[in-house]
Every structure is written in structure tokens, then in C-alpha cells.
Amino acid sequence: MAKKNEGYLSAKESRRISRENRRITNAYEKQRKRKNVPESEYLTEMRDPNNAVEFDNLHTYFFTDAGTVKAVDGVSFDVPTGKTVGVVGESGCGKSVTSLSLMQLLQRPQGQIVEGEIRLNMGEKAYNVVKVPNEQMQNLRGNFISMIFQEPMTSLNPVFRIGDQVDEVIALHDREGLSKEAVRQRTIQLLEMVGIANSQGVARMFPHELSGGMRQRVMIAMALACSPRIIIADEPTTALDVTIQAQILDLLRNLKDKINSSIMLITHDLGVIAEMADYVVVMYAGRVVEKGTAQEIFANPCHPYTIGLMASKPVVGKKVDKLYSIPGKVPNPINMPNYCYFKDRCEMCVAGCEGEYPCEISLSPTHKVSCYRYYDKTDKGGDR
Ligand SMILES: Nc1ncnc2c1ncn2[C@@H]1O[C@H](COP(=O)(O)OP(=O)(O)O)[C@@H](O)[C@H]1O
Ligand SMILES: [Mg+2]
Numbered sequence: 146m147a148k149k150n151e152g153y154l155s156a157k158e159s160r161r162i163s164r165e166n167r168r169i170t171n172a173y174e175k176q177r178k179r180k181n182v183p184e185s186e187y188l189t190e191m192r193d194p195n196n197a198v199e200f201d202n203l204h205t206y207f208f209t210d211a212g213t214v215k216a217v218d219g220v221s222f223d224v225p226t227g228k229t230v231g232v233v234g235e236s237g238c239g240k241s242v243t244s245l246s247l248m249q250l251l252q253r254p255q256g257q258i259v260e261g262e263i264r265l266n267m268g269e270k271a272y273n274v275v276k277v278p279n280e281q282m283q284n285l286r287g288n289f290i291s292m293i294f295q296e297p298m299t300s301l302n303p304v305f306r307i308g309d310q311v312d313e314v315i316a317l318h319d320r321e322g323l324s325k326e327a328v329r330q331r332t333i334q335l336l337e338m339v340g341i342a343n344s345q346g347v348a349r350m351f352p353h354e355l356s357g358g359m360r361q362r363v364m365i366a367m368a369l370a371c372s373p374r375i376i377i378a379d380e381p382t383t384a385l386d387v388t389i390q391a392q393i394l395d396l397l398r399n400l401k402d403k404i405n406s407s408i409m410l411i412t413h414d415l416g417v418i419a420e421m422a423d424y425v426v427v428m429y430a431g432r433v434v435e436k437g438t439a440q441e442i443f444a445n446p447c448h449p450y451t452i453g454l455m456a457s458k459p460v461v462g463k464k465v466d467k468l469y470s471i472p473g474k475v476p477n478p479i480n481m482p483n484y485c486y487f488k489d490r491c492e493m494c495v496a497g498c499e500g501e502y503p504c505e506i507s508l509s510p511t512h513k514v515s516c517y518r519y520y521d522k523t524d525k526g527g528d529r
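Going letter by letter, the sequence shown gives residues 146 to 529 in my numbering.
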């Protein structure tokens, strides 16, 4: 049966997969739930001390009953301190899973990091987040890394007042033993910092009384509460209309300079990246296909996927009959081909594309691309 209906599993096969999954994920969970793990187990060294975060060959899989989803499959990139890194790619390519891996907020037990390192710079030392047990992770979240989610309405609790929710975040991470009044004062300060004029009034309101833009500002205030070293903004403006979007981006940009943290900005919108990012990482089907400085990516996009993304973006003043769209769709993440994942959609194939997945080619010290079209452009033939 399983053979006849390709893509469907028999009940027996499904049971076998789920048994096997349980065995694998239980082992990972046991490891994570240990208490009093010595720090030496997750201490590591940054490759470059100027980086806030280094993703190194990250593999994050979901062990589902239908098979193993390789959501992130060998992703490496750096987030330099004080800079904004834009992560771009179409829906489902693994952007959120990459950031959730850094936060250790993957859907457990099926979501697991199976290989690779995420190095987090904590100042005088560095931690490998992949090995940090649950107990310690609480302390990293908020104090070192925080996240702004896509949909501010679902991230705020509808039955508590705004002020109380921000207070809670501050009190939770408070190490100085602030009084109740001092906490509230800090809340008001934060609300003012993110551009909420009537901060006293807003603190007494419920989430439904605010507009989408205001709610997103509150979310940003909460993310900033403990001056994190890195802020992950996962599609922070997708749920907002265009004018509010511009205001929120301005706000993020100004705040980053004020508190000197790094931003990992996740979006499918190249316009947002162009406005905000210092570095760009282009992801496709769980892998990085091209990365470089914003200047390099926008002036000289090299991977056919990046070129396609650029061409499918509307440009003011340019007249076109129909906007370009990349043909085909992303391959099924359970059954990835053993050749370049983009080959079936690519309009620029060369002879080498028949071969296995291309390795990373350096076009400049910062500009890297995984594509056979550039194999002859370097004498090394790739330096993975
Ligand atoms: N909890 C989950 N269980 C199974 N598969 C998941 C889960 N979360 C995400 N995925 C899969 O991982 C892949 C990457 O998802 P995601 O990182 O959310 O994409 P995006 O780039 O749009 O943020 C997708 O194929 C998605 O179906
Ligand atoms: Mg996402």
C-alpha cells in the first residue's frame, strides 16, 4: 500500500516511525532536563569576538509521524555585535525555526537540534546554546536574547493591563530587588522610549484597547526590558499596515543604536531588508544559499534564487506588465533531493547542476554563494 500511494503511509509504517521518533526525542529531552549541569559542558569560544551570535552548521529537525522534517539543514552565519542581519526567504524555508533554535523555543519534543553549534557571546565568556540545559536557558532568554513576534495581539495576554504585563517581565528578570514603584517607573520609561505618548494611560489599558502599531510597540518595550545583547525580530511588521510599518522600523533602528545590541531581522520582504540590514542571509529550503553585506547582495545578487527574489519585488517608477514570479514551489522537506534544492525551479542551470548539493563559494571575504554557476570563478572550487 505504502508503495502504491506515494506520499501516504500505512498505519503500520506510521506506528513504526512514531515509536522510533519517541526513542530519539526522549534521549534529547533527558539530556536537556538534567539539573546542576556543570558550566564547562556548554562553555565554548567565539570564532570572532566581535560577533554577538555565531550559527555554525545548525541542523534542526522535527520528528513527525509522517517522517523527519529537516526544517534547518546546515545553516551557518554570524550576527556581528551592534549590526543588523536580515534573514530573508519565502515562507517555510526555516527562518523562524532558526531563530527559535537560538531561543530554545522549538516545539518539543518533536523539534530538536540534532547537530551544530550556536555560540552566544556573553561578554567575558561564550555559551553553546545547543547544549545549555532548560534550567539555565531561562536566564539567557530576556537577559541576553529576546524576541519580538509577528502577531502582537496573540503575544499579549488579553485579560491583563499593559502596565502589569510589562511590570511582570521586568520583575522576572530583576536582579537588583526593585520595589513595586520602581518597577512601574521603569515600565513607564520603556513605554516612552518606544514612542507611546500617553504612557501612564496606556499602562492602564487592556491590549484590545490599543491599535496594532501600539501593541507592537508594547511588545518591543517588553523585548527591551532587560537590554538584551541580541533582539530577534520575526516578521515584526507583517501584521501592520505600511505607514505603521515604517514607524516601527524607524523605532527599531533608533533603539538599536541607543542600547548597542544586534538585531536579527527575519522577513520575506526585501524592501524591509534594504532599509534596515547591514548583512543579508538568503535562505532556501532550510539552507543558506547566499550571504554577504547588504551592499553586495543588492548590487550583485548571485544565486538564481536571490536574483529571482529581486526580480519579483515591485520597483517604484518601473513599468512592467506582470511582476516576475519564481516558477514551481519549495521541495517537500521530508524528502529532499540529493542535488541543488533549487535546481527544479532554476532558469539558469549549468552542466554541473546534475551533481550533488553545491558547496559554498567565496566571492569575497564576506560574500558567499552555494551555486554551480560560480565554481569556475574560484581556483579552490569551493571551501566548505
Ligand atoms: N512544529 C513543527 N512540526 C513540524 N514541522 C514544522 C514545525 N514547525 C515548522 N515546521 C516546518 O519547518 C519548516 C520551516 O518552517 P519555518 O521556519 O516556520 O518557516 P519560515 O521561513 O516561514 O519562518 C517548514 O517546512 C515547516 O513546515
Ligand atoms: Mg516564520
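Glycine included, each C-beta is placed from N, C-alpha and C at the ideal position. Since we're looking at a predicted model, the values are computed, not measured.
Query	Result
Can we count Lys215 as close to ligand 1, meaning its CB is less than 6 Å from some heavy atom?	no
Could you check if Lys464 is buried or exposed, using at least 16 other CB atoms within 10 Å of its CB as the buried criterion?	exposed
For the segment 365-381 and the segment 343-355, state whether three or more C-beta atom pairs, one from each stretch, are separated by less than 8 Å.	no
Assuming contact is defined by CB atoms lying nearer than 7 Å, are Val475 and Gly237 in contact in what I supplied?	yes
Measure the C-alpha to C-alpha separation of Gly357 and Asn343 and round it to an integer number of angstroms.	16 Å
Between Lys240 and ligand 2, is the CB less than 6 Å from at least one heavy atom?	yes
What's the C-alpha gap between Tyr153 and Ala430?	22 Å
What is the rounded straight-line gap between the Cα of Met146 and the Cα of Cys494?	Confidence in Met146 is poor, its pLDDT being 43 and thus under 50, which makes the residue's placement too unreliable to answer from.
If you compare alpha carbons, which of Ala172, Ile290 and Asp319 is closest to Pro254?	Ala172
Thinking C-alpha only, which one of Glu260, Glu280 and Leu285 is nearest Tyr272?	Leu285
Between which residues of its own chain and Ala156 is the CB-CB distance below 6 Å, once the five residues before and five after are set aside?	none
Between the alpha carbons of Leu394 and Ile411, how many angstroms are there, rounded?	12 Å
Of the residues Met481, Ser241, Ala316 and Phe487, which one's Cα is nearest the Cα of Val214?	Met481
Ordered along the chain, which non-local residues of its own chain (more than five positions away) have a Cβ less than 8 Å from that of Leu317?	Gly287
How long is the line joining the alpha carbons of Phe487 and Pro503, rounded to whole angstroms?	11 Å
Can you say whether Arg432 is buried or exposed, counting buried as having 16 or more other CB atoms within 10 angstroms of its CB?	buried
So Ser372 and Ile333 are supposed to be a Cβ contact under 8 Å. How far apart are they, rounded?	Not confirmed; about 17 Å, so no contact.
Just to check, is the beta-carbon of Gly261 closer than 6 Å to a non-hydrogen atom of ligand 1?	no
Indicate, with yes or no, if ligand 1 has a heavy atom lying under 6 Å from the CB of Thr229.	no
Can you give me the start and stop residues for the beta strand (DSSP E) that Met350 sits inside?	Looking at the DSSP string, Met350 is not in any beta strand (DSSP E), and its letter there is neither H nor E.
How many whole angstroms separate the CB atoms of Val224 and Leu203, which I take to be in contact at a CB cut-off of 8 Å?	Val224 to Leu203, Cβ: 13 Å. No contact.
Under a Cβ-count criterion, where at least 16 other Cβ atoms within 10 Å of its own Cβ denotes burial, should Asp524 be classed as buried or exposed?	Residue confidence is low: Asp524 scores 48 on pLDDT, short of 50, so the model does not pin down where it sits. No coordinate-derived value is stated.
Rounded to a whole number of angstroms, what is the C-alpha to C-alpha distance between Ser244 and Ser291?	10 Å
Shortest alpha-carbon distance to Tyr424 belongs to which of Asp414, Leu415 and Lys436?	Lys436
Could you pull the DSSP bridge partners for Tyr206 from this structure?	Gln257
Along the chain, where does the beta strand (DSSP E) containing Tyr424 start, and where does it finish?	Tyr424 to Tyr429
Less than 6 Å separating the Cβ of Gly531 from some heavy atom of ligand 1?	This structure does not reach residue 531, given that the chain is present from 146 up to 529, and the question cannot be answered.
Give the list of continuous alpha helix (DSSP H) stretches no shorter than 4 residues that lie fully inside the segment 392-456.	415-421, 439-444 and 449-456
If we require 3 or more residues per run, which beta strand (DSSP E) segments fall completely within the segment 207-249?	212-225 and 229-233
Among Gly268, Ala370 and Leu400, which one has its Cα closest to the Cα of Thr189?	Gly268
Alpha helix (DSSP H) containing Ala271: first to last residue?	Where Ala271 is concerned, there is no enclosing alpha helix (DSSP H), although the beta strand (DSSP E) it sits in stretches over Ala271 to Asn273.
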